[in-house]
Amino acid sequence: KKTLSIALAGNPNAGKTTMFNALTGARQSVGNYPGVTVEKREGYLHVNGRKINIVDLPGTYSLTAYSQEELVARDYLINERPQLVIDIIDANSLERNLYLAVQFMEMGIPMVLALNMMDEVRKSGKKIDTRKLSQLLGVPVVETVARSGEGKQALIEIALAEIREQEDGWRPLEISYGPDIDPVLQEMTALIQNAGFLTDTYPSRWLALKYLEGDVQIKSLGTSAGEIGSALEDMVQRVTEHCRVTLDSIPEAIIADYRYGYIASVTKQGVFIQRGHQERIH
Ligand code: GDP
Ligand code: MG
Ligand code: K
2 KKTLSIALAG
12 NPNAGKTTMF
22 NALTGARQSV
32 GNYPGVTVEK
42 REGYLHVNGR
52 KINIVDLPGT
62 YSLTAYSQEE
72 LVARDYLINE
82 RPQLVIDIID
92 ANSLERNLYL
102 AVQFMEMGIP
112 MVLALNMMDE
122 VRKSGKKIDT
132 RKLSQLLGVP
142 VVETVARSGE
152 GKQALIEIAL
162 AEIREQEDGW
172 RPLEISYGPD
182 IDPVLQEMTA
192 LIQNAGFLTD
202 TYPSRWLALK
212 YLEGDVQIKS
222 LGTSAGEIGS
232 ALEDMVQRVT
242 EHCRVTLDSI
252 PEAIIADYRY
262 GYIASVTKQG
272 VFIQRGHQER
282 IH
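Mapped onto full-length UniProt numbering, the consecutive letters of the sequence shown carry residue numbers 2 to 283.
Here it is, written out as structure tokens:
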């Protein structure tokens, strides 16, 4: 049986390393990602005689190309192709933490959400309807307390089940970025597909999105590829001008707004349960 590989990702301080330690115990090593000073923790565990590699990715709030951590995290997922990412979420700030989760979903990598720090959430009196959250996002959700190890067994079991379920490949989530972005995004995606520009490595709509977000790494790959790069840059320039004139904004900001809008549309549908209210409905 082939060794499976799972990456732990999430915002800084969400509890990734604590969960990593809970899962791998002493079976771990610490090094660096090639060429950068970002620390790389790797370990493994065995489940039913099967070896599972676990990597603790650097903490990030986003998957842009603005910081070394963000580049390391997304390059790792793109190049190393782990079977699944576990997004460790600080459930105390669910909505803010979901911003990164949405970006993994846009990438399409199979994912499980660990709602961590649930001890603090419970103490605060807040309640989260994890089943509803899971249904609305279409992603498995597990409650955890990394510090005590609570939920780690379920987390791994559900991750393995999700790997089996998603073995036919990545399935990028396509959210709408509104009437000013969607048409050009579609045009750029088609162009990328027809040219076969990096399509064996990246999802094409994701590449188009990165162009619209002004991603320097992806743009430089386009520049090296020649004609396709300048065609895409022209399209970005056109929509950027349009957004400036009609909305006094830039594509990157509009895309971020629509991501937050998507998250709000999910959480507004009863993901947060008021204490007291819960007793009445059960
Ligand atoms: P990372 O930056 O994502 O690697 O986060 P760490 O694993 O370093 O955890 C950040 C802090 O949160 C540490 O002080 C942990 O002990 C604490 N922590 C991690 N998981 C939990 C949890 O489930 N509950 C509580 N109360 N604290 C936690
Ligand atoms: Mg850490
Ligand atoms: K804390």
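For glycine and all other residues, C-beta sits at the position ideal for the given N, C-alpha and C.
Assuming residue i contacts residue j (C-beta within less than 8 angstroms), just tell me the rounded distance between them.
i, j, result
"Asn160", "Val113", "The sequence given here has Ala at residue 160, not Asn. Sure, about 5 angstroms apart at Cβ, within 8 angstroms."
"Ile274", "Leu99", "So it is not a contact: roughly 17 angstroms between Cβ atoms."
"Met118", "Asp91", "5 angstroms"
"Gly11", "Gly50", "Wrong, their Cβ atoms sit about 29 angstroms apart, outside the cutoff."
"Gly109", "Pro204", "5 angstroms"
Quick check on DSSP: helix, strand or coil for residue i?
i, result
"Ser94", "helix"
"Glu151", "strand"
"Arg172", "coil"
"Ile282", "Low confidence applies to Ile282: its pLDDT is 45, below 50, so where it sits in the model is not reliable enough to give any reading."
"Val86", "strand"
"residue 346", "Given that the chain is displayed from residue 2 to residue 283, the structure contains no residue 346 and the question cannot be resolved."
"Val56", "strand"
"Gly11", "strand"
"Ser177", "coil"
"Gly271", "coil"
"Ile129", "strand"
"Leu199", "coil"
"residue 284", "Within the shown structure, residues of the chain are numbered from 2 to 283, placing residue 284 beyond reach of any answer."
"Ser266", "helix"
"Ser231", "helix"
Which two residues bound the contiguous beta strand (DSSP E) that contains residue i?
i, result
"Gln29", "Gln29 to Asn33"
"Asn117", "Met112 to Asn117"
"Ile44", "Checking the displayed sequence, the identity of residue 44 turns out to be Gly instead of Ile. Its beta strand (DSSP E) spans residues Glu40 to Val48."
How far does the alpha helix (DSSP H) with residue i in it reach, from first residue to last?
i, result
"Met20", "Lys17 to Thr25"
"Arg206", "Ser205 to Leu213"
"Asn195", "Asp183 to Ala196"
"Lys220", "Val217 to Ala226"
"Gln167", "No alpha helix (DSSP H) contains Gln167, which DSSP labels as neither H nor E."
"Tyr77", "Gln69 to Glu81"
Tell me, please, whether the segment 233-252 touches the segment 158-177 by the rule of three or more beta-carbon pairs shorter than 8 angstroms. no
Is it the case that the segment 190-201 contacts the segment 122-140, given that we only count it when at least three CB pairs across the two stretches are under 8 angstroms? no
contact_flag[the segment 135-146, the segment 104-120] where n(CB pairs < 8 angstroms) is 3 or more: yes
Check whether the segment 177-185 touches the segment 240-249, counting contact only when three or more Cβ pairs, one atom from each stretch, lie closer than 8 angstroms. yes
For the ligand MG, list every residue whose C-beta falls under 7 angstroms from any of its heavy atoms, going in chain order. Lys17, Thr18, Asp57 and Gly60
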